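Participant: Numbering (the numbering used here), first residue to last: 16 to 79.
First, the structure itself, so that you have it in front of you.
Pasting the structure below:
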C-alpha cells in the first residue's frame, strides 16, 4: 500500500512539475495509453488526481 502511494505521489508530482520526463518515460506507451495532446492538455488534472490518490493511500497505509 505504501509503495502504491509513493508511486502515485511521484507520478502526480511528475505530471505537475516535470512533464518532459514523463513524456520520455511514456514514449513506448504513448501509442496505447496516452497521446501527446492529452498529456499536455490534461496534465494538471492527472497530476492532482495522482497526488490526492497518493495521499489517500498513505493515509490508509499508515492507519493499518
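Note that CB positions come from ideal geometry on N, CA and C, so glycine has one too.
The model shown is predicted, which means the values in this text are computed figures rather than measured ones.
For residue 69, is the classification buried or exposed, using 16 other Cβ atoms within 10 angstroms of its Cβ as the cut-off for buried?
Facilitator: Buried, because 16 or more other Cβ atoms sit within 10 Å of the Cβ of residue 69.
Participant: Output the boundary residues of the alpha helix (DSSP H) element that contains residue 41.
Facilitator: Element bounds for residue 41: n/a, residue is neither H nor E.
Participant: Just to confirm, is the Cβ distance from residue 61 to residue 30 under 8 Å?
Facilitator: Contact flag set, yes.
Participant: Assuming residue 58 is part of the alpha helix (DSSP H), what are its boundary residues?
Facilitator: Taken as a continuous stretch (DSSP letters only), the alpha helix (DSSP H) holding residue 58 covers 58 to 78.
Participant: I need the DSSP call for residue 33, collapsed to helix, strand or coil.
Facilitator: Coil, per DSSP.
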